[in-house]
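Which chain is which? The protein sequence lines are A and B, in order. Numbered per the working numbering, the first sequence spans residues 1 to 116. Numbered per the working numbering, the second sequence spans residues 1001 to 1116. We treat Cβ as the ideally placed atom computed from N, Cα and C, and that holds for glycine.
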Amino acid sequence: AQTVTQSQPEMSVQEAETVTLSCTYDTSENNYYLFWYKQPPSRQMILVIRQEAYKQQNATENRFSVNFQKAAKSFSLKISDSQLGDTAMYFCAFIPPTGANSKLTFGKGITLSVRP
Amino acid sequence: GAVVSQHPSWVICKSGTSVKIECRSLDFQATTMFWYRQFPKQSLMLMATSNEGSKATYEQGVEKDKFLINHASLTLSTLTVTSAHPEDSSFYICSASAGLAGDEQFFGPGTRLTVL
C-alpha cells in the first residue's frame, strides 16, 4: 500500500517570499504520478502541479515548482513570490498508473498562511 | 480544465431522513467517479469508487447500505445518505476521471451536509 506523509501541519510565509512544502511517500511502484492540490477557504480542490515519476525533469507551473527526488521518495513544492491568494490547505497526493480505478492517496495536508 | 458540479452545495436535514447529492461532469465523459468525505482541517477520505453502469466499490469501513452510490450515466453519479444522523454531518466531495492511467481527477465544489 502507498502512503503519503506531510509532517508539517502548518506554515506561514511573508507575502512575496518563497516557501517550500515537504512531502514524502512510500511505494513499491516504479511508475506513478504525484500531485499537489490546493484547497482554499472555498474548499474547491485545485490542481497545482503534477509530476510523472518516469520524468526526471522537475515540473513547474508559473510560481510553483517541485523538487522531485525519486530515490529519496520526496516531492516538495516550492512557491515563489507568495501571494495572499496562496493561503490555503495544500495536499500532496500519489496515484499508481494502474487504470481507470486508480485511487489517489492523499497526505494529511498542510495549512499555509501568507502574511501581508 | 474540465468542470465538475455538485448539487446541492449545502443541505440541512433532520435526523432520520435521506439526502441525495448529485455529481455531474459538465464537459467530459467520466468513466470513473470518486466520493470523498472531509472533516474540517483534515484530509480527504475516499468513501467509494463508481464506474458507469456498475456497482460502486466501497472502502473498508464505509457502510454501503448507508451511503448509496449510483452512477447511472457517464456524466452523473449520486450519493444518497440514508437515515442520516448527526455524525454523518460532513463535507462531501466528488471527483471525476476520464479513465486514463494517471489521469487527473477533476473535483466538484463539495456539499456541506448538516444533520440536526
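CB contact check: residue i to chain A, cutoff 7 Å
i                       : result
residue 1109 of chain B : yes
residue 1009 of chain B : no
residue 1079 of chain B : no
residue 1043 of chain B : yes
residue 1046 of chain B : yes
Residues of its chain near residue i, where Cβ-Cβ distance is below 6 Å and the 5 sequence neighbours each way are ignored
i                       : result
residue 21 of chain A   : 77, 90, 110
residue 1056 of chain B : 1048, 1050, 1069
residue 95 of chain A   : 33, 102, 104
residue 1086 of chain B : 1115
residue 1076 of chain B : 1024
residue 1103 of chain B : 1097
residue 108 of chain A  : 6
Beta-carbon proximity list for residue i, same chain, < 7 Å, skipping 5 on both sides
i                       : result
residue 16 of chain A   : 81, 82
residue 1093 of chain B : 1036, 1038, 1044, 1107, 1108, 1110
residue 26 of chain A   : 2, 3, 73
residue 106 of chain A  : 4, 91, 93
residue 114 of chain A  : 13, 15, 82, 83, 84, 86, 87
residue 75 of chain A   : 23, 25, 34, 51, 66, 68, 92
C-beta neighbour in chain B for residue i, strict 7 Å
i                      : result
residue 11 of chain A  : no
residue 85 of chain A  : no
residue 75 of chain A  : no
residue 69 of chain A  : no
residue 8 of chain A   : no
residue 94 of chain A  : no
residue 108 of chain A : yes
Of the listed residues the options, nearest to residue i (C-alpha basis)
i                       : options                        : result
residue 1113 of chain B : B:1049, B:1068, B:1084         : B:1084
residue 1088 of chain B : B:1058, B:1013, B:1004         : B:1013
residue 1082 of chain B : B:1066, B:1110, B:1076         : B:1066
residue 9 of chain A    : B:1023, B:1042, B:1006         : B:1042
residue 1030 of chain B : B:1063, B:1021, B:1040, B:1005 : B:1005
residue 62 of chain A   : A:70, A:55, A:49, A:71         : A:49
residue 1009 of chain B : B:1064, B:1021, B:1079         : B:1021
residue 31 of chain A   : A:71, A:108, A:112, A:79       : A:71
residue 1090 of chain B : B:1078, B:1011, B:1059, B:1002 : B:1011
residue 1079 of chain B : B:1003, B:1034, B:1040, B:1002 : B:1034
Where residue i meets chain A, residues with beta-carbon distance less than 7 Å
i                       : result
residue 1075 of chain B : Near residue 1075 of chain B there are no residues of chain A at all, since even the closest Cβ is about 16 Å away, more than 7 Å.
residue 1114 of chain B : Chain A residues near residue 1114 of chain B: none, gap ~15 Å exceeds 7 Å.
Chain-ordered chain A contacts of residue i [CB-CB under 9 Å]
i                       : result
residue 1091 of chain B : 43
Proximal residues of chain B, C-beta to C-beta of residue i below 9 Å
i                     : result
residue 47 of chain A : 1001, 1104, 1105, 1106, 1107
residue 91 of chain A : 1043, 1044
residue 63 of chain A : What residue 63 of chain A touches in chain B: nothing, since even the nearest Cβ is about 18 Å away.
Beta-carbon neighbours of residue i, restricted to chain B and to distances below 7 Å
i                      : result
residue 104 of chain A : 1105
Within chain B, partners of residue i - CB distance below 8 Å
i                     : result
residue 50 of chain A : 1104
Beta-carbon contacts of residue i that lie in its chain and below 8 Å, excluding the five residues immediately before and after
i                       : result
residue 1015 of chain B : 1084, 1085, 1086, 1115, 1116
Q | Sufficient close CB pairs (3 or more, under 8 Å) joining the region 37–53 of chain A to the region 1015–1030 of chain B | A | Contact fails between the region 37–53 of chain A and the region 1015–1030 of chain B, because fewer than three Cβ pairs, one in each stretch, are under 8 Å apart.
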